[in-house]
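One structure below.
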Amino acid sequence: MNRKYLYVVAAVIWGIPGIAITFKGIGAYRMQPSENLWWLLLITAAVLAAFSFMFRRIVKRYSDRISMLPDKVSIWQTFPVRGWILLIFMMGLGIAMKNIPGVPSSFIAAFYSGLGPMLLISSARFAFNLIYQ
């Protein structure tokens, strides 16, 4: 496959979970009592900020890596081995959180509403790098 399409692969791999997680977070927000809303918004802002710093570095590192690859590459070269391990770990953690009884919906609301949009923004950065690299 052409190296440029690895940006599309990365955007899809980060974007699809971003959409799903964002909708789950918004759904959980709708179930919260209004007196807790400002605390949840504060936590969501902190999650957004934390993931913004982390994901910005990861997207830059992976995009730089993709730009250095030869023109014809395998889809598996989208991320380094550590990147694939990170993705598998994060998916496993998400599945585990969903299936652990007793995880409060307020946590889901605040955490997912911060994580999901940052995944979408990261996906957009990969797509942007396709256009401008």
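Each residue of the sequence shown is one higher than the last, beginning at 1412 in the numbering used here.
No residue lacks a Cβ here, since even glycine has one placed at the ideal position from N, Cα and C.
In this text, all values refer to a predicted model and were calculated from it rather than measured experimentally.
Closer than 6 Å by C-beta to residue i: which residues in its own chain qualify, once you throw out the five before and the five after it? Chain order, please.
| i | result |
| --- | --- |
| residue 1454 | 1521 |
| residue 1417 | 1477, 1489 |
Count the other CB atoms, across all protein chains shown, that sit within 10 Å of the CB of residue i; report buried if there are 16 or more and exposed otherwise.
| i | result |
| --- | --- |
| residue 1439 | buried |
| residue 1421 | buried |
| residue 1481 | exposed |
| residue 1483 | exposed |
| residue 1474 | buried |
Would you check if the distance between the CB atom of residue i and the CB atom of residue j is smaller than 9 Å?
| i | j | result |
| --- | --- | --- |
| residue 1503 | residue 1431 | no |
| residue 1533 | residue 1469 | yes |
| residue 1478 | residue 1414 | yes |
Please name the residue or residues paired with residue i in a DSSP beta bridge.
| i | result |
| --- | --- |
| residue 1413 | 1483 |
Leaving aside the five residues before and after residue i along the sequence, list all residues of the same chain whose C-beta is less than 7 Å from its C-beta, in chain order.
| i | result |
| --- | --- |
| residue 1514 | 1508 |
| residue 1529 | 1459, 1462, 1463, 1466 |
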